[in-house]
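One structure is given here, and the rest of the page talks about it.
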Amino acid sequence: MNSKKDVWILVVSIFLVLSLFSAISIHNFGEKDNKKNFPGENKLSSDYYTKPKFLIFEKKQKDEEKLHKLGNKKGINILNVQSYPNLDGNWAVQFNTIGIANLTITTMDETSWTNYSDTGNDLKFLEIKCGNNTLNYSWIENGPANSSVFIENYSCNETGYEISKVLTVEKHHLEFDFGGQKAYAHNDILIKVPTTCGDLVFTDAHSWEAYTNWTIPGSGKINVTQILYWQHDNSLSSSESIEMAIYNSSSPYSRISEIVTLDGTGESGWISANLSQYVEIDRGKSYFFGMGPSSVDDGYNMSGDYDMDCSNYPPISDGSYLQSASSGLDSNVPTGSTHWTHKVGIIGIAYESEYTDVKVPMSCSYFYFTDAQNIEWYSNWTIPGSGEVELTKLWLWQINDNLSSTESVKMAIYNSFSPYSKISEIVTLNGTGVASEWISKELQTPVNITLGESYFFGIGPGNGAYDLGSDSNSDCSDYPPSQGSYYVGASGNLNDNVPTGGQSTSHKAGIIGITYKELDSGDDNTCTPPGSGDWSVLCSDNCTLSDQTIAISGALIVYGSDSGILKFNNVNLTVQDFRMNATSCKIAFKEPFKFIKS
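Be aware that the sequence shown starts at 1489, since it is given in the working numbering, and climbs by one per residue.
Right under this line is the structure:
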């Protein structure tokens, strides 16, 4: 080899065990690395998982620098981080592991479970499997919200499965701890009008088209992927079907989804059809659902809510519109047709949530600060998870009814390192006068944060008196306020920096939460290698390069002031030069690999 040539060749070996992800080595480049040659020895901060491992550059010869890994290799990867199971159905979390370590699976974010009861909790744990083999486990009983599944020295060379039964219409969350490395799984289940709402039977429904108004429970934007319908009895046979679609509830009441066909089964129960293109809707708003026969020869009966006041699924003031069945559902709700005050049809949707909420559990509120309006509080919170996300909303738990609907508080988020600067706008959260309730406010300008890292949350008075919930010993569950809280007298607005010179307490003031949106994996403008010349990659684009061979006639230049990660999987990369102009950037390679200067 000729050491005079300035050609860098990165050889990444294709090392896979079935479909398992190998551990990924990450190097944090600082100022000393802003030069062409890598130093003879550098410690790397962490691997792809959350627990740090140490790696070094070992200079074997003048013309070769080789990366070695020290210590045992182990890791865990959740394959289906977000799932959408049915109520009373099974939720199967799929995961892969590397190595041998103790495995502990615990609920989080107020999700409760047992391994024996079908009532009273969110989940019932059923089994854990390696491939097709059911494994023995220990159940560590510590109350429904903190009990765990435990397997000592877990090792599996196939896909693992944790299987639970879904018992409640809530979001559910699990934490997987594999030898100290943590991963998380979440679900959102279907939203359905309860079948108990069916106190009316609409016979010969196949002769009509029905357009029924439904206010979707909850809040936030969701992407509807499936429409469901409750078969009242066995009158819709397996050779018959209905059509359904979603409509806006404001003029001109236009159809916003495709028309889907739901096939009958000849028995009572839910039937469904997938949308080929999801529809974005807002929970908390009303929409019309159109229902009609695929053929007027198909005979069936339909359930309905007689008095329009069933549970939390009101058709508000509109009930249902009916018209004779035609050649298919209309493009707009026929508001000029017959109006019925009854709600026709028991319906449901399956959805994917574009945004995710993460909140400190309300059970952390062991006590509260009274007269909190006289103080500005700055509490530290390590946000669960990993990776960079876009923060869109701030939340605060109202411990009691002292904050009325005419009063408010202010919030903002701050970095947890010097100078502890404010990174978001200050938002005003309006009270409701209702005890034990979340209040929230959208950010006008979202900010990027990194899950798994600590941030300070500033909480101060807007106007009015209120009390503030608090974690009395600053060690609640997995939401540690590692530095407790700082506080100063209220000054009319939150500070630009956390007042670390003020008073401090080991208590965590405020039960808080965030809503965030996953970031795109990368921008083609910088993640796609050019045909010739230099390849400039913006670190915050978080590029992931899959299996390929890349040859660049110029330099690889990584730039940008924000943190991020550039991931090379099984990539053979040749560049003429390398320049790291982003001091907070991480570069990750699937191991083992080596740099060769030829």
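All C-beta atoms, glycine included, are put in the ideal place defined by N, C-alpha and C. Here the structure is a predicted model, which is why all the values come from computation and not from measurement.
Annotation: Pro-1573 to Cys-1618 spans about 21 Å, alpha carbon to alpha carbon.
Taking 8 Å as the cut-off, the Cβ atoms of Asn-1701 and Phe-1776 count as close.
Closest in C-alpha terms to Ser-1783, from the list Ser-1812, Phe-1944, Ile-1927, comes Ser-1812. Under a 10 Å Cβ-count criterion, Ile-1734 is classified as buried, with 16 or more other Cβ atoms of the shown protein chains found around its own Cβ.
When DSSP states are grouped into helix, strand and coil, Thr-1684 belongs to the helix group.
Trp-1885 and Gly-1957 do touch by the CB rule: their CB atoms are close to 5 Å apart, below 8 Å. Taking 8 Å as the cut-off, the beta carbon of Ile-1901 is found closer than this to the beta carbon of Tyr-1943.
The continuous beta strand (DSSP E) containing Leu-1882 extends over residues 1875-1886. About 17 Å separates the beta carbon of Ala-1580 from that of Tyr-1642, a gap too long to meet the 8 Å contact definition. A straight-line Cα-Cα distance of about 24 Å links Gln-1582 and Ile-1710. In this structure, Val-1915 is the residue among Ser-1635, Tyr-1766, Val-1915, Ser-1636 with its C-alpha nearest to the C-alpha of Gln-1932. Here the C-alpha atom of Ile-1639 lies approximately 14 Å from the C-alpha atom of Glu-1629. DSSP places Asn-1862 in the helix class (H, G or I) of the three-state scheme.
Around the beta carbon of Asn-1590, fewer than 16 other beta carbons lie within 10 angstroms, which makes this residue exposed. In chain order, Tyr-1788, Asn-1789, Met-1790 place their CB closer than 7 Å to the CB of Ala-1693, counting only its own chain and leaving out the 5 sequence neighbours on each side. Contact between the stretch 1824-1834 and the stretch 1655-1674 is absent, with fewer than three C-beta pairs closer than 8 Å. Under DSSP, Gly-1977 forms a beta bridge with Ile-1863. Around Ser-2024, the same chain offers Thr-2014, Ile-2045, Tyr-2047 as residues with beta carbons nearer than 7 Å, after the five sequence neighbours per side are excluded. Bounds of any beta strand (DSSP E) do not take in Thr-1988, whose DSSP letter is neither H nor E.
The shortest C-alpha to C-alpha distance from Asp-1576 to any of Ile-1651, Asn-2030, Asn-1762, Thr-1691 is the one to Ile-1651. If the five residues before and after Ser-1626 are omitted, its C-beta is found closer than 7 Å to the C-beta atoms of Phe-1638, all from its own chain and listed in chain order. Judged by their CB atoms, Tyr-1975 and Gln-1861 are not nearer to each other than the 8 Å cut-off. Counting along the chain, Pro-1949 sits inside the beta strand (DSSP E) bounded by residues 1942-1951.
Around the beta-carbon of Pro-2018, fewer than 16 other beta-carbon atoms lie within 10 Å, marking it exposed. Per DSSP, reduced to three states, the secondary structure at His-1694 is helical.
Looking at the backbone, the Cα of Arg-1743 and that of Pro-1822 are separated by about 11 Å.
For the set Ser-1635, His-1661, Asn-1565, the Cα lying nearest the Cα of Cys-1644 is the one of Asn-1565.
For a cut-off of 8 Å, the C-beta gap from Pro-1949 to Thr-1880 is around 24 Å, too long to register as a contact.
Between Lys-2055 and Thr-2032, the gap from beta carbon to beta carbon is short of 8 Å. Residue burial annotation: Asn-1983 is buried, with at least 16 other C-beta atoms found within 10 angstroms of its C-beta. The Cβ atoms of Leu-1763 and Ile-1715 lie closer than 8 Å to each other.
Distance between Thr-1592 and Val-1922, taken at the CA atoms: about 37 Å.
Restricting attention to beta strand (DSSP E) runs no shorter than 3 residues, the stretch 1726-1791 encloses them at 1729-1736, 1748-1751, 1757-1771, 1774-1781, ordered along the chain. Note on Tyr-1839: 16 or more other CB atoms within 10 angstroms of its CB, so buried under the neighbour-count rule. For Pro-1987 against Asp-1597, the beta-carbon gap comes to about 30 Å, at or over 8 Å, which does not count as contact. Apart from sequence neighbours up to five positions away, the residues of its chain that approach Ala-2039 with a beta-carbon distance below 7 Å are Thr-2062, ordered along the chain.
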